[in-house]
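Residue numbers (full-length UniProt numbering): 1 to 367.
Just so you know, even glycine gets a beta-carbon here, dropped at the ideal spot from N, CA and C.
I have placed the structure first, in the form of structure tokens, so that the comments after it can refer back to it.
Next up, the structure:
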């Protein structure tokens, strides 16, 4: 088996710690689900399990969700089943909660991997007072390894938090291969696809302004926007801008629905103001869709400007409209970009490569 440990090598128990464990939705949940499944296929010596940092499936006990999850995790560690704690970190409450779990893992001798997620982590960290900044930086510096999803975040960890460069590992998100999207049938309007939480952080307001501009409104297209969040507010804004018949807000979509929507798409758009390394961009690339996004976080390391898509400044509706006009006007360029993006996803952002990198890291730490 490609990348598997040596025959007879001691199994490594890995706890993949994330908010709701196997029930987690959103990007981090998909990342860990993909990793868990690929580790089982390719690395049988890595005994991974997804563990919740809070138990939100019990609404009446919501105030006890973190203590109950912590008790479960403590029992898992006490049973000797955790050699490596892989702790997924996002801003705000996620960081403070995960400090508790990391401390428990350390008490039972587990090695600690912190995996930095969450758009805007640098802004959140910069807004903390000196004491809290010091606590967060010490948390990251004290880990055995810290995983960053690209050069931007690796630099942040070293320069802002003082994490030793030797502890920082750049491991990109990965997605499974998908068949290319057939897109819209010939003679029908191109389909624009947007996936993610509806609201300002993902740039929904900017997108609607761009779509309502003269240069875009007069062209044929329709848009599918999938995601929860401020859906009603965005739908009202679309109506105000005269877009009600062309923009379809479909609400939260699960993995099967995501695949179905992507297969309908011709252009993927993510005009976010804050991001890390979005899974949805990689999923669109896997479907051979050109990507229109913003120059933030690790997105410029995903999307090669002019080759696999186009990038614009965040919050700039005029620039977004101009780039979208370019793609709408040139189906052949869209096709070339989409296929170049698919090749890049398979080469750089495959789930296989990510699982192999994590398995090697776990083994090295558990020795």
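Min CB distance residue i to chain C below 8 Å
i, result
"residue 30", "Of the protein chains in the structure, only one exists, and it is not chain C."
Contacting residues, own chain, Cβ-Cβ under 8 Å from residue i (five flanking each side not counted)
i, result
"residue 47", "11, 12, 13, 14 and 81"
"residue 261", "193, 195, 224, 226, 250 and 253"
"residue 240", "none"
"residue 97", "53, 54 and 66"
"residue 191", "183, 184, 221, 222, 223, 224, 264, 265, 266 and 267"
"residue 157", "116, 140, 146, 148, 163 and 168"
Contact check, residue i vs residue j, beta carbons under 8 Å
i, j, result
"residue 83", "residue 52", "no"
"residue 35", "residue 349", "no"
"residue 274", "residue 120", "yes"
"residue 310", "residue 292", "yes"
"residue 315", "residue 247", "no"
"residue 128", "residue 355", "no"
"residue 94", "residue 118", "yes"
"residue 124", "residue 91", "yes"
"residue 203", "residue 229", "no"
"residue 344", "residue 304", "yes"
"residue 285", "residue 336", "no"
Residue(s) in a DSSP beta bridge with residue i
i, result
"residue 88", "115"
"residue 145", "113"
"residue 46", "12"
Cβ-based neighbour list, residue i, same chain, cut-off 7 Å, excluding 5 preceding and 5 following
i, result
"residue 152", "297 and 298"
"residue 340", "307 and 308"
"residue 364", "none"
"residue 300", "311"
"residue 78", "108"
"residue 243", "208, 211 and 212"
When the options are compared against residue i, the one with the closest alpha-carbon
i, options, result
"residue 325", "105, 231, 214 and 243", "214"
"residue 75", "221, 233 and 105", "105"
"residue 159", "197, 141, 173 and 321", "141"
"residue 197", "166, 138, 145 and 279", "279"
"residue 272", "281, 155, 175 and 30", "281"
"residue 86", "122, 45 and 49", "49"
"residue 320", "285, 190, 270 and 99", "270"
Cβ-based neighbour list, residue i, same chain, cut-off 6 Å, excluding 5 preceding and 5 following
i, result
"residue 18", "24, 28, 32 and 88"
"residue 147", "115, 169 and 171"
"residue 219", "328"
"residue 317", "206, 209 and 210"
"residue 333", "none"
Discussion item. Runs of 3 residues minimum, wholly inside the UniProt domain "Glycosyl transferase family 1" (187–344): which ones carry the beta strand (DSSP E) assignment?
Written reply: 191–195, 222–226, 247–251, 267–270, 291–294 and 309–312
Worksheet entry | Uninterrupted alpha helix (DSSP H) stretches inside the region 128–182 (no shorter than 4 residues) | Within the region 128–182, the complete alpha helix (DSSP H) segments at least 4 residues long are 130–141 and 151–161, listed from N- to C-terminus.
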